[in-house]
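Below is one structure, written out as structure tokens, with a few remarks after it.
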Amino acid sequence: MGKSKKRSARGLYVLLLLAVLLLLGAGVMLLLRQTQPAPAPLPVVETAPPSIPAVTTAAAETTAAAVTTAAADTADTTAAPVLPPGSVTGLRLSFYHAVMYLGDPGIMPVVFLEPEDAADKRERWESSDPSVAAVDESGKITAVSEGRCIIRCSSVSNPSAAAEVIVTVEPVPEMRTTPAMSTPSSTTHTVTVDETRKDISVIGGITYVQGVMIVNKTYPLPESYNPGGLIPEAAEAFSEMREAASAEGIYLFSHSDFRSHWSQAAIYSNYVYRDGIDGADRYSARAGYSEHQTGMVIDVNWPGEAFNGTAEADWLEQNCWKYGYIIRYPRDKEDSTGYKYESWHIRYVGREWAREITESGLSMEEYFNVPSVYPAA
Ligand SMILES: [Zn+2]
140 MGKSKKRSAR GLYVLLLLAV LLLLGAGVML LLRQTQPAPA PLPVVETAPP
190 SIPAVTTAAA ETTAAAVTTA AADTADTTAA PVLPPGSVTG LRLSFYHAVM
240 YLGDPGIMPV VFLEPEDAAD KRERWESSDP SVAAVDESGK ITAVSEGRCI
290 IRCSSVSNPS AAAEVIVTVE PVPEMRTTPA MSTPSSTTHT VTVDETRKDI
340 SVIGGITYVQ GVMIVNKTYP LPESYNPGGL IPEAAEAFSE MREAASAEGI
390 YLFSHSDFRS HWSQAAIYSN YVYRDGIDGA DRYSARAGYS EHQTGMVIDV
440 NWPGEAFNGT AEADWLEQNC WKYGYIIRYP RDKEDSTGYK YESWHIRYVG
490 REWAREITES GLSMEEYFNV PSVYPAA
């Protein structure tokens with residue numbers, strides 16, 4: 140009697156112990172799952188990607204591959220394959236998602252390799268569907284026909300170090316083909332500004348509002364204004380921001396910053412040639428009216444609509460104010476700024492102003508109550 144009780148009690152203990160162990164195991168599994176990075180959602184590709192023929196590459200590649208497999212064969216099956224010295228261990232791109240229009244000039248993601256001093260930096264570029272978007276050996280992507288495909292960049296020394304850009308090719312939007320649609324809305328907006336306001340000052344042809352330099356379609360800079368590059372505070376703040384971003388796995392770099400009066404003149408006239416004056420005025424400044432001439436502006440990573448909505452653009456939007464920068468041409472503010480949304484164009488205004496303006500949710504023009512309209516020709 141006593142024995143059987145003991146036995147059943149022991150049985151219960153064992154059962155309990157098993158249950159606890161099972162629960163623990165399930166918990167650990169759950170934790171492991173959560174700590175693993177979520178797999179990037181793969182887009183639905185309309186057509187199955189054709190198998191990409193092996194690119195004719197240097198003999199070094201095949202030897203590298205051979206070394207890897209040989210090492211893997213002799214090593215424990217669970218051990219990571221041994222890479223030849225100097226191999227790339229990680230690869231990231233400046234953007235992972237791009238919308239291109241037919242006839243666009245090509246786009247080219249910037250590649251970041253880890254370690255930076257890897258000896259073999261060769262990249263291989265492939266398109267899952269070259270009939271939609273083609274890529275050349277330097278990584279330049281060009282739109283071929285409407286659709287969606289994946290452009291993959293991998294390291295030749297270590298093909299497992301790779302990253303992909305999802306490319307969507309769309310037909311040319313209406314606004315670019317219908318001249319009537321491209322009339323800048325800035326000509327019709329009704330911001331009224333009292334030019335006699337005491338907080339606007341013009342010193343040496345440069346306009347300041349409450350001490351902040353303003354450059355837009357109303358307030359140009361003198362041709363001679365030339366800081367020769369980013370002003371030191373702006374440069375320092377940007378490198379701080381870059382560091383903070385990269386600690387979060389976001390890679391930012393300056394695509395272009397300072398432009399002189401004359402380099403802007405050349406850029407603008409190219410755009411006018413392509414899109415006409417009305418078209419060009421929506422996204423490019425006339426010489427003298429470019430904020431890039433201030434030396435306080437950076438176009439980050441990739442200036443162009445393809446950058447909108449990327450993780451890098453989102454990070455910039457959420458964090459650049461902490462380093463004294465603002466998204467200068469925010470969404471839906473074309474009426475006040477005179478420019479379409481530009482997620483990549485950031486302006487240094489110093490930390491206090493950046494916080495104030497960002498918190499207000501206003502564009503710089505709205506915040507300071509200044510217009511941005513080209514003088515009538
Ligand atoms: Zn810009």
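Position in the sequence shown counted from 1, then plus 139, gives you the working numbering. Even glycine gets a Cβ: it sits at the ideal position worked out from N, Cα and C.
Handout entry: Local Cβ density within 10 Å of Trp401, reported as buried at 16 or more and exposed below that
Key = exposed
Practice task
Using alpha carbons as the reference points, say which of Phe446, Val411, Thr433 lies closest to Met352.
Solution key: Thr433
Problem - Element boundaries [alpha helix (DSSP H), containing Ile416] - result: 400-420
Handout entry: Residues whose Cβ lies closer than 5 angstroms to any heavy atom of ligand 1, in chain order
Key = Asp438, His484
Practice task
Look at the alpha carbon of Asn447 and the alpha carbon of Tyr152, and state the distance between them as a whole number of angstroms.
Solution key: 60 angstroms
Handout entry: Minimum C-alpha distance to Glu262 - residue among Ile466, Leu232, Gly344
Key = Leu232
Handout entry: Reduced DSSP category for Ile305 - H, G, I as helix; E, B as strand; rest coil
Key = strand
Exercise for the section: Indicate the three-state DSSP secondary structure (helix, strand or coil) for Tyr468 in the structure shown. Expected result: strand
Practice task
Starting from Trp483, trace the beta strand (DSSP E) both ways and give me its first and last residue.
Solution key: 481-487
Exercise for the section: Kindly confirm or deny that the segment 418-438 and the segment 361-371 touch, where touching means at least three C-beta pairs closer than 8 angstroms. Expected result: yes
Problem - Where Ser385 sits in the DSSP three-state scheme - result: helix
Practice task
Keeping to the same chain, check which residues put their C-beta closer than 7 angstroms to that of Ala300; ignore five residues upstream and five downstream.
Solution key: Val227, Thr228, Gly229, Leu230, Ser293, Ser294
Practice task
Say whether the segment 401-413 touches the segment 470-480, bearing in mind that this needs 3 or more beta-carbon pairs closer than 8 angstroms, one atom from each stretch.
Solution key: no
Practice task
State the DSSP-derived secondary structure class of Ser284, mapped to helix, strand or coil.
Solution key: coil
Practice task
Leaving out five residues on either side along the sequence, give the residues of the same chain with a beta carbon under 7 angstroms from the beta carbon of Ser499.
Solution key: Tyr506
Exercise for the section: Could you give the DSSP three-state label for Met352: helix, strand or coil? Expected result: strand
Exercise for the section: Could you check if Ile342 is buried or exposed, using at least 16 other CB atoms within 10 Å of its CB as the buried criterion? Expected result: exposed
Handout entry: Terminal residues of the alpha helix (DSSP H) in which Arg425 lies
Key = Per DSSP, Arg425 belongs to no alpha helix (DSSP H) and is neither H nor E.
Handout entry: Contacting residues, own chain, Cβ-Cβ under 7 angstroms from Ser284 (five flanking each side not counted)
Key = Ser270, Val271, Val308
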